[in-house]
Amino acid sequence: MRAVHPIEARSYEILRSRADTSFLPPLTRAVVERVVHASADLGYLHDVVVSSEEDLRAAVDALRAGAPVVTDVEMVASGITGVTPVCHIRGAVARDGLTRSAAAIRLAYDEVGPGAVWAVGNAPTALEELLRLDARPALVVGLPVGFVGAAESKEALRASGLPAVSNRGEKGGSAVAAAAVNALLYWEAP
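Each residue of the sequence shown is one higher than the one before, counting from 1 in this note's numbering.
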């Protein structure tokens, strides 16, 4: 069982005093609350899109069975606790029309194959590349941030039918992508 720091506990008390999250299914609630907690942005309460509660449950099961977690950038990897994510951004080279982040996704897929939990919090091009692969993920946390391609890549993720956590619009980022994964890693059924 994970020890919760008093500051974190107080943060959740404040969050729940400002917003009712009780209408959300348990795992979805855990993900959304942790994203709000990490960002102090209550807008995520109605902005996060989860493919299904069952997909989140399957992702928790996959993580507990040892499924790798793959990230697009080191900032996302640094925020994930309890496992050591796979991140190949340092060894990736932009080439053949791919950004470094997209190339890193290819390198990671070559290493981990299907069944991983993928967390994209920075680069829309990384999410786009993941969607081109036959990754057969346990879950894709697609929360890249930015004015160029972020909203569109998340819309494409939702349209793909893959098990996913995303949001509508341009906001996102490394902290919220890591928070969504941590919610699943920390999950304890009530």
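All C-beta atoms in this analysis are idealised placements derived from N, C-alpha and C, irrespective of residue type, glycine included.
Give me the residue from Ser166, Leu162, Leu27 and Gly121 with the minimum Cα distance to Met75.
Indexing the sequence shown from 1 puts residue 75 at position 75. Taking only the C-alpha atoms, the option nearest Met75 is Gly121.
Whose CA, out of Glu128, Pro25, Trp187 and Leu162, lies closest to the CA of Arg136?
Here residue 136 refers to the residue found at position 136 of the sequence shown. Closest in C-alpha terms to Arg136, from the list Glu128, Pro25, Trp187 and Leu162, comes Leu162.
Beta strand (DSSP E) segments (min. 3 residues) lying fully within the stretch 62-125
Those beta strand (DSSP E) runs which fall completely within the stretch 62-125 and span 3+ residues are 69-71 and 117-120.
Confirm, please, whether the CB-CB distance from Glu129 to Ala159 is below 9 Å.
The count along the sequence shown starts at 1 and reaches residue 159 at position 159. The count along the sequence shown starts at 1 and reaches residue 129 at position 129. The answer is no: Cβ separation not under 9 Å.
My guess is that Val50 and Thr28 are in contact by the Cβ rule of under 8 Å, so how many angstroms apart are they, rounded?
If you number the sequence shown from 1, residue 50 lands on position 50. If you number the sequence shown from 1, residue 28 lands on position 28. That belief holds up - the Cβ atoms of Val50 and Thr28 are roughly 5 Å apart, short of 8 Å.
Using only the alpha-carbon positions, how far apart do Ala175 and Arg64 sit?
Along the sequence shown, read from residue 1 onward, the residue named residue 175 stands at position 175. Along the sequence shown, read from residue 1 onward, the residue named residue 64 stands at position 64. C-alpha separation (whole angstroms): 22 Å.
Determine which residues share a DSSP beta bridge with Asn167 and list them.
Numbered from 1 along the sequence shown, position 167 holds the residue referred to as residue 167. Beta-bridge partners of Asn167 (DSSP): Val48.
Using a Cβ-Cβ cut-off of 7 Å (strictly less than) and excluding sequence neighbours within five positions of Leu107, which residues of its own chain qualify?
For the purposes of this step, residue 107 is identified with residue 107 of the sequence shown, where counting begins at 1. Excluding positions up to five away in sequence, the list reads His88, Gly91 and Ala92.
Compute the Euclidean distance between the alpha carbons of Gly115 and Tyr12, then round it to the nearest angstrom.
What you label residue 115 is simply residue 115 of the sequence shown in a count that begins at 1. What you label residue 12 is simply residue 12 of the sequence shown in a count that begins at 1. One C-alpha to the other measures close to 31 Å.
Using a Cβ-Cβ cutoff of less than 8 Å, which residues in the same chain neighbour Val165 once the five nearest sequence positions on both sides are dropped?
Here residue 165 is taken as the residue at index 165 of the sequence shown, counted from 1. Only residues of its own chain outside the window of five on either side were considered, and among them Val31, Val48, Val49, Val50, Ser51, Leu56, Leu139, Val140, Val141, Gly142, Leu143 and Ala180 have a CB closer than 8 Å to the CB of Val165, listed in chain order.
Output needed for Pro147: all residues of its chain with C-beta closer than 7 Å, excluding positions within five of it in sequence on either side, in chain order.
As a first step, residue 147 is located in the sequence shown; it is residue number 147 there, counting from the start. Reading the sequence as shown, one finds Phe at residue 147 and not Pro. Correct list, in chain order: Glu170.
Where Pro85 and Thr71 are concerned, what is the direct C-alpha to C-alpha distance, given to the nearest angstrom?
Numbered from 1 along the sequence shown, position 85 holds the residue referred to as residue 85. Numbered from 1 along the sequence shown, position 71 holds the residue referred to as residue 71. Their Cα atoms are separated by approximately 7 Å.
Please classify Arg34 as buried or exposed, where buried requires at least 16 other C-beta atoms within 10 Å of its C-beta.
Along the sequence shown, one-based indexing puts residue 34 at 34. It counts as buried.
Tell me the start and end of each unbroken alpha helix (DSSP H) in the stretch 12-41 that is at least 4 residues and wholly inside, in chain order.
26-39
Could you check what DSSP says for Val148 in three-state terms: helix, strand or coil?
Start at 1 with the first residue of the sequence shown, and residue 148 comes out as number 148. Note: Val148 maps to coil in three-state DSSP.
Expressed to the nearest angstrom, what Euclidean distance is found between the alpha-carbon atoms of Arg16 and Ala40?
Residue 16 sits at position 16 when you count from the first residue of the sequence shown. Residue 40 sits at position 40 when you count from the first residue of the sequence shown. If you take the alpha carbons of Arg16 and Ala40, they lie about 12 Å apart.
Looking only at its chain, what residues have a beta carbon closer than 6 Å to the beta carbon of Ala126, apart from the 5 residues adjacent to it on each side?
By one-based count along the sequence shown, residue 126 stands at place 126. Cβ within range, chain order: Asp72, Ser101, Ala102, Ile105 and Val120.
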